[in-house]
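Protein chains in written order, with the UniProt record's numbering: chain A, 1 to 433; chain B, 1 to 433.
In structure tokens, the structure reads:
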């Protein structure tokens, strides 16, 4: 018998992830899960969205259910363009906007557009795992840019690093996984450097509107246009409205959008007409200006509960970020503690989080982990953080005594794609890593 | 100054299409357009869908707006599995079903899964243009399989053709662009041959439920399972409910679905939870069994109007298919008439269609064209067909006299991707080629 099928080389390289395997258990109701990246469902504007779907289906139903243009629903594209202008990006034309099926799709389209096998792609260390997975299907060579508390370090964009890079992928606001924000000076230095080097900047900003502390900073799009850099900005309605809609957008120079339209047409024809029309119907009259303060308040409180609990329960040998927005806190443990091994012990105590190693495209730091504070009730946050704090302290004691560290037990998955979980709820929870 | 960006080689290969340029004019209301592939909006179950969205948002809104599993909404996957069983595919498990964002996305995911640059992919001559565009981004080597009135010719699957083929892409029912149906004997021979040769069959069947004449034939999935062939079946809700939803599915052996889930996760995380839940809510209690006969009746009548008009107005030197379902009629003109050149003259008379050449992955037949009868009112069909008939007859006269033929004016776009149109309506019309 011949073999029944042969996969492509890129597909063969996809590996399953033991982390997702572990996280499958987070479905169990007794688990306190700080893993996953789900937005707070109490922030979804259910009644407004329901009314919007009703109006669209009632008034323009046959248009909403018909095929639509690949570029997206024109009024929504116009809304995005004027929103960018309102935020200081200067004149933005509708032809510079493409509507996509969530900004994860934007990553895939950009991979198709820019990456040949072996192309250099610059990413922060650490960076969004979903982006690494998406780009990896186009087989790039990742070049990592060092980061610190102020985000990526522009001085790290050495001639050697930027040479032949197809783009740099940056998350300037409340980065996933670290929660860090790129400082204004570094934003300016970054776009300046990219303009000089002829390297496009892909600015991924799903969380920018979830700022609950500090001052909003200009986008890389706004600064890059002034500096003459090519900036491709990714935006999403997942965190400001609801992720289940799968709606996002790309803002970029028209020749890039034009090529992306051709690519998207071959990829999925277009994004749901109905969804685009209903979202436009929801937001067209300034809805977000009223809605977002309430959402930010939810996230601010949740973040506060977790930071407070960490302060009370984590040993002084651990350090962590103080996010000004978004969904995540990044923890650095003492060098000898492997977060992957810690996860196994935490799950045994009904607590889950995501180890930091998979977020590094190379040279994974195994003593890091990511906590999401968004969807867990206050009392459960305290309870879970107390358990984690105790386990970290115990690791310290144990490993100090035994000095037995197994870094190879953790995962370092540059280019590896992680497996989908099997059960519905677990899969949903671990979806948006 | 350095160049501001470098595209991937696959992106550089995408070319704009003069056909789409011409078809942009089909937006003008005076144009009678037999181009495009839009389903009939009178067939969209607007009230039922509206009620379903209402119920889902009212009863399960926060789940519907949240991230969901990559595999798809479990009840919808179960519905698909049992629908396949009902149609004779034997036992089909939920783990053999993946929900996708329209079956165009299925083509993209299959390209990612199966195609390495230079891999052989077998396609019918002609085949669905959107599939050629989608696969082409993965840079396959197309090997075409000859077809006739009975669909693809299994005897054409010679050892030479099937050697190292990653899959064969087939549209067995009312094929786009020809409207032809693969006979039962050929279905059996096809899956038998593929089982022996170890070549998976990708069965794309968006139109199967739109049969308005003749007897339904078993799917390649059903026959293939009996013959031991690997069949990947693509289904769509675009033609049975509405295309603007962007909802389809893949049925395949679990190891293939499992890999596709990993790929889809990196590509767009998952398909809209709300859309999946609302579609499930619409169809779960047998809605399609009542709805489809009415839809088929619309298509049957429309097809009849066009065939009647062609019989009356087309010269006897042209021949065309007699579809038993679906949306398209395929016309073969006398050898010396170039359909691309005919289109230019037709558009000058306010009539549009799609020339056949781009549907061929190689050796384009320039004397062919595709007509869609679905969305044009009866009187306009007669009017448009009369004009086309006259133009064809005139070509005959002219070119017989001058014997001036310019086949190179037509397009043969193996692997070429066509440009998106700019205006909203035109783009929507020419979307689903």
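Each residue gets a CB set at the ideal place from its N, CA and C atoms; glycine is no exception.
- Distance from the CA atom of residue 100 of chain B to the CA atom of residue 106 of chain B, rounded to whole angstroms, is 6 Å.
- At least one C-beta of chain B is nearer than 7 Å to the C-beta of residue 113 of chain A.
- Rounded to the nearest angstrom, the gap between the Cα atoms of residue 260 of chain B and residue 87 of chain B is 24 Å.
- When secondary structure is reduced to three states using DSSP, residue 361 of chain A falls in the coil class, being assigned neither helix nor strand.
- Chain order gives no chain A residues near residue 142 of chain B, where near means a beta carbon separation below 7 Å; the closest approach is about 15 Å.
- Legend: CB atoms of the segment 192 to 210 of chain B lying less than 9 Å from CB atoms of chain A belong to residues 195, 196, 197, 198, 199 and 200.
- As far as DSSP is concerned, residue 379 of chain B takes part in no beta bridge.
- Contact between residue 171 of chain A and residue 204 of chain A holds, since their C-beta atoms are separated by about 5 Å, short of 8 Å.
- At a cut-off of 7 Å between C-beta atoms, residue 284 of chain B does not count as an interface residue with respect to chain A.
- Residue-level contact by beta carbon holds for residue 50 of chain A and chain B, with a gap shorter than 7 Å.
- Annotation for residue 169 of chain A: the continuous beta strand (DSSP E) segment containing it runs 165 to 170.
- Between residue 240 of chain B and residue 292 of chain B a beta carbon distance of about 6 Å is seen, short of the 8 Å cut, so the two are scored as contacting.
- Contact annotation: residue 381 of chain B and residue 318 of chain B have beta-carbon atoms that are not nearer than 7 Å.
- Residues of the segment 150 to 179 of chain A with a C-beta atom less than 7 Å from some C-beta of chain B are 166, listed in chain order.
- Membership of residue 204 of chain A in the beta strand (DSSP E) is indicated by the continuous run 201 to 204.
- In this structure, residue 14 of chain A lies near residue 262 of chain B, with their beta-carbon atoms less than 7 Å apart.
- If you draw a straight line from the Cα of residue 69 of chain B to the Cα of residue 47 of chain A, it comes to about 24 Å.
- When C-alpha distances from residue 334 of chain A are compared across A/315, A/53, A/30 and A/347, the shortest belongs to A/315.
- Nearest C-alpha to residue 159 of chain B among B/122, B/379 and B/328: B/122.
- Interface flag for residue 272 of chain A against chain B is set, since a Cβ pair is found closer than 7 Å.
- Chain B places a beta carbon closer than 7 Å to that of residue 244 of chain A, counting this residue as a contact.
- Setting aside the 5 residues that flank it on each side, residue 124 of chain A is surrounded in the same chain by 145, 147 and 152, each with a C-beta closer than 6 Å to its C-beta; the list follows chain order.
- Taking a Cβ-Cβ cut-off of 7 Å, residue 294 of chain B has no neighbours in chain A, whose nearest Cβ is about 15 Å from it.
- Sequence-distant partners of residue 118 of chain B (beyond 5 residues in either direction) whose C-beta falls short of 6 Å from its own C-beta, in its chain, are 141.
- Beta-carbon to beta-carbon, residue 364 of chain A and residue 357 of chain A are separated by about 4 Å, close enough to satisfy the 8 Å threshold.
- Between residue 10 of chain A and residue 113 of chain A, the C-beta spacing is not below 7 Å.
- Distances from the CA of residue 210 of chain B to each of B/299, B/31 and B/287 were compared; the closest alpha carbon is that of B/299.
- Assigned with DSSP and collapsed to three states, residue 124 of chain B falls in strand.
- The way I'd put it, the segment 71 to 91 of chain A does touch the segment 278 to 292 of chain A; three or more beta-carbon pairs between them come closer than 8 Å.
- Within 8 Å of the CB of residue 263 of chain B, the CB atoms of chain A belong to 11, 14, 137 and 417, in sequence order along the chain.
- Residue B/188 holds the alpha-carbon nearest to the alpha-carbon of residue 221 of chain B among B/188, B/238 and B/198.
- Of all residues in the segment 89 to 112 of chain A, the ones placed with a Cβ closer than 9 Å to any Cβ belonging to chain B are 95, 100, 101, 102, 104, 105, 107, 108, 111 and 112, in chain order.
- Per DSSP, residue 241 of chain A is not a residue of any beta strand (DSSP E), being assigned neither H nor E.
- For residue 98 of chain A against residue 274 of chain A, the beta-carbon gap comes to about 18 Å, at or over 8 Å, which does not count as contact.
- Exclusion of the five residues before and after residue 236 of chain A leaves 103, 206 and 248 as the residues of its chain whose Cβ lies within less than 6 Å of its Cβ.
- Restricted to the segment 299 to 353 of chain A, the alpha helix (DSSP H) segments that are unbroken, complete and at least 4 residues in length are 339 to 348, listed in chain order.
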